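Each residue of the sequence shown is one higher than the one before, counting from 1 in full-length UniProt numbering.
Take a look at the structure below.
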Amino acid sequence: SIKEQFSNYIGGVMQGNCEGQLDHQVLFVGYGVYQKQQVWILKNSWGTEWGIQGYFYIGVGTNSLCTEQYAYVLQPKYLANDDLTHVFAFDKQEALAQ
Numbered sequence: 001s002i003k004e005q006f007s008n009y010i011g012g013v014m015q016g017n018c019e020g021q022l023d024h025q026v027l028f029v030g031y032g033v034y035q036k037q038q039v040w041i042l043k044n045s046w047g048t049e050w051g052i053q054g055y056f057y058i059g060v061g062t063n064s065l066c067t068e069q070y071a072y073v074l075q076p077k078y079l080a081n082d083d084l085t086h087v088f089a090f091d092k093q094e095a096l097a098q
């Protein structure tokens, strides 16, 4: 099954049909060439032990796993300078100390 193939992915270009109900989101982070094939590079949310240190490849133009059919882009809302009274940032060292 596609879910089993995705769960057990360890490398290469992922191939899968676009059937069934989608129940997982991933992040497009780039594109490149893998073994002479143009690929999308995607990041999963399951950590670095999964796939290629948390990432996987899908062939460009293949719509494998519906990645090209159901891709969404968000556009951030820009705030005026006077709206920047609270700046939030992640401090890894501070988080590890807690």
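The beta-carbon is built from N, C-alpha and C at its ideal position, and this holds for glycine as well.
This one's a predicted model, so the numbers in the text were calculated from it and none came from an experiment.
Presumed contact (8 Å Cβ cut-off) between L42 and V33, rounded CB distance: By one-based count along the sequence shown, residue 42 stands at place 42. By one-based count along the sequence shown, residue 33 stands at place 33. L42 to V33, Cβ: 15 Å. No contact.
Integer Cβ distance of G51 from I10, believed to fall under 8 Å: For this step, residue 51 is matched to residue 51 along the sequence shown. For this step, residue 10 is matched to residue 10 along the sequence shown. Beta-carbon to beta-carbon, G51 and I10 are separated by about 7 Å, close enough to satisfy the 8 Å threshold.
DSSP bridge partner residues for F56 (one or two, in chain order): Translated into the one-based positions of the sequence shown, residue 56 becomes position 56. According to DSSP, which records beta bridges pairwise, F56 is partnered with L42.
Residues of its chain near Y55, where Cβ-Cβ distance is below 8 Å and the 5 sequence neighbours each way are ignored: Mapped onto the sequence shown, residue 55 falls at position 55. Taking Y55 as the centre and dropping the five residues before and after it, the same chain places the C-beta of V29, I41, L42, K43 and N44 closer than 8 Å to its C-beta, in chain order.
Proximity to G12 [Cα-Cα], best of Q37, D23, K3 and L27: Here residue 12 refers to the residue found at position 12 when the sequence shown is read from its first residue. Of Q37, D23, K3 and L27, the residue nearest in Cα terms is Q37.
Y57 burial status per 10 Å Cβ neighbour count (16 or more: buried): The residue given as residue 57 occupies position 57 in the sequence shown. It counts as buried.
For L27, three-class secondary structure by DSSP: Looking up residue 27 in the sequence shown gives position 27. It is a strand residue.
Supposed close pair V60, Y31 - CB separation, criterion 8 Å: Locating residue 60 in the sequence shown gives position 60, where the first residue counts as 1. Locating residue 31 in the sequence shown gives position 31, where the first residue counts as 1. Contact check for V60 and Y31: beta-carbon distance about 7 Å, within the 8 Å limit, so the pair qualifies.
DSSP three-state assignment for Q5, whether helix, strand or coil: Here the question's residue 5 lines up with position 5 in the sequence shown. Look at Q5 here: in three-state DSSP terms it is helix.
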